[in-house]
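Peer 1: I have a structure I would like to understand better, so I am pasting it below and will then ask my questions one at a time.
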Ligand SMILES: C[S@@+](CC[C@H](N)C(=O)[O-])C[C@H]1O[C@@H](n2cnc3c(N)ncnc32)[C@H](O)[C@@H]1O
């Protein structure tokens with residue numbers, strides 16, 4: 042199987058790094074995600090929904106507030122993309138049920154192997170959930186689009202400053218060997234996305250640009266009549282992302298809970314990921330008519346929503362539960378590496394007060 046992906050890669054050679062990453066992660070047969078490699082202790086990396094149910098339950102609190110802000114639309118729906126095992130969906134739905142709310146839930150899942158795992162996890166809510174292969178397939182809706190660590194898995198263009206110019210990395214692949222080549226960039230939009238910071242970079246500076254997120258916003262702008270986009274991921278505002286100090290960019294791989302810097306290590310067997318440029322999401326919000334409502338670190342967001350109270354609402358916590366909560370909230374865990382951005386299609390005057398998740402801090406000005 043491993044050998045077969047090499048054959049696919051060699052057949053397309055020369056190919057851009059972006060296409061290489063796409064094949065490694067999403068090739069229908071040999072891609073890392075297509076083979077249903079999922080987060081968790083037995084996987085290669087861990088995510089917040091794998092850590093504790095209180096993460097999804099606390100997000101459930103924020104979603105309930107959103108539902109009321111939208112004046113309780115009859116067909117309110119939660120849409121999730123990149124749902125992995127379905128843990129976040131399960132924890133949100135269980136919390137909503139506890140609070141006597143009944144919302145429908147759409148999951149966007151392109152891979153059938155992953156869909157079967159989700160069906161299993163979400164068996165008790167099977168009447169509430171509908172699966173779609175892509176966002177394009179869902180009907181127009183009022184509600185919430187939520188993702189946790191989705192955009193960091195989108196293929197990126199790999200960029201390098203070389204001979205004083207900004208180049209894109211392409212790959213020549215022959216007999217299981219990968220040779221990087223540098224090409225001039227013809228697409229002005231890629232350079233624009235770097236925000237002019239490249240004038241300050243030193244020779245050899247490397248980074249990434251993601252051009253694939255635009256499509257999601259374009260489709261969401263067609264589908265969401267009213268509602269909110271909740272994005273949780275690791276990333277930075279653009280000024281930090283492309284700062285002169287970050288010479289190696291953010292591209293990284295995970296293999297059996299180890300960080301691997303070489304993106305050519307065992308193609309199709311490792312998770313390849315990069316951080317998110319949150320300023321890009323803000324710009325896409327502006328472009329597609331979503332209000333940029335709030336941006337803060339995951340820890341501040343969850344504490345603002347009362348994660349500690351939620352923990353007692355859903356359980357009789359023991360030390361293990363408390364430690365999990367700490368991991369979600371403290372900087373040593375995911376509290377400051379992960380950020381929450383909320384955008385909305387809602388009239389500004391209807392947002393009479395800050396969303397509860399931003400009570401402690403709203404740093405949208407950073408974007
Ligand atoms: C890092 S994992 C998500 C982790 C999960 N949300 C969690 O919190 O445990 C990224 C997932 O997004 C999926 N994905 C990537 N692009 C997608 C898209 N356009 N629509 C739906 N899922 C997508 C991948 O197949 C993969 O399963």
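Residue numbers (my numbering): 42 to 408.
Glycine included, every Cβ here is placed at the ideal spot set by N, Cα and C.
If you reduce the DSSP assignment to three classes, tell me which class residue 409 lands in.
Peer 2: Only positions 42 to 408 of the chain appear in the structure, and residue 409 is not among them; the question remains open.
Peer 1: Look at the Cβ atom of residue 159, then the Cβ atom of residue 124, and state whether they are nearer than 8 Å.
Peer 2: Yes, Cβ-Cβ distance for residue 159 and residue 124 is below 8 Å.
Peer 1: Here's a check: name, in chain order, each residue in its chain whose Cβ is nearer than 7 Å to the Cβ of residue 401, leaving out the five neighbours to either side.
Peer 2: Hits under 7 Å: 341, 344, 345.
Peer 1: I'd like the list of long-range same chain contacts for residue 289, defined as Cβ closer than 7 Å, with 5 residues on each side in sequence excluded.
Peer 2: Contacts found: 247.
Peer 1: Helix, strand or coil for residue 92? Go by DSSP, reduced to three states.
Peer 2: Here residue 92 sits in helix by DSSP.
Peer 1: Among 212, 228, 216, whose alpha-carbon lies nearest the alpha-carbon of residue 222?
Peer 2: Selected option, being the one with the closest Cα: 212.
Peer 1: Taking a contact to mean a Cβ-Cβ separation below 8 Å, would you say residue 193 touches residue 315 in this structure?
Peer 2: Cβ atoms of residue 193 and residue 315: closer than 8 Å.
Peer 1: On the three-state DSSP scale, how would you describe residue 147?
Peer 2: Of the three classes helix, strand and coil, the one that applies to residue 147 here is strand, per DSSP.
Peer 1: Quick one: does the C-beta of residue 158 sit closer than 7 Å to a heavy atom of ligand 1?
Peer 2: Residue 158: no, Cβ never under 7 Å from ligand 1.
Peer 1: Is the beta carbon of residue 127 sitting closer than 8 Å to the one on residue 162?
Peer 2: Yes, these two residues count as a Cβ contact at 8 Å.
Peer 1: Whose C-alpha, out of 202, 366, 120, 201, is nearest the C-alpha of residue 171?
Peer 2: The option with the nearest alpha carbon to residue 171 is 120.
Peer 1: Just to check my reading of the structure: residue 382 and residue 272 have Cβ atoms closer than 8 Å, yes? What is that Cβ distance to the nearest angstrom?
Peer 2: That pair is a contact at about 5 Å.
Peer 1: Quick one: give me the first and last residue of the beta strand (DSSP E) that residue 136 is part of.
Peer 2: Not the beta strand (DSSP E): residue 136 falls in the alpha helix (DSSP H), residues 128 to 139.
Peer 1: Which residues bound the alpha helix (DSSP H) around residue 247?
Peer 2: That residue, residue 247, is in no alpha helix (DSSP H); its beta strand (DSSP E) goes 247 to 250.
Peer 1: Whole angstroms is fine: what's the gap from residue 260's alpha carbon to residue 178's?
Peer 2: Computed Cα separation, rounded: 10 Å.
Peer 1: Cβ of residue 190 within 7 Å of any heavy atom in ligand 1?
Peer 2: Checking every heavy atom of ligand 1 against the Cβ of residue 190, one is found closer than 7 Å.
Peer 1: Please classify residue 181 as buried or exposed, where buried requires at least 16 neighbouring CB atoms within 10 angstroms.
Peer 2: Residue 181 should be labelled exposed.
Peer 1: Near residue 132, which residues of its chain fall below 6 Å by C-beta distance, leaving aside the five closest residues on each side in sequence?
Peer 2: These residues qualify, in order along the chain: 94, 97, 98.
Peer 1: Span of the beta strand (DSSP E) holding residue 214?
Peer 2: Note, residue 214: beta strand (DSSP E), 206 to 215.
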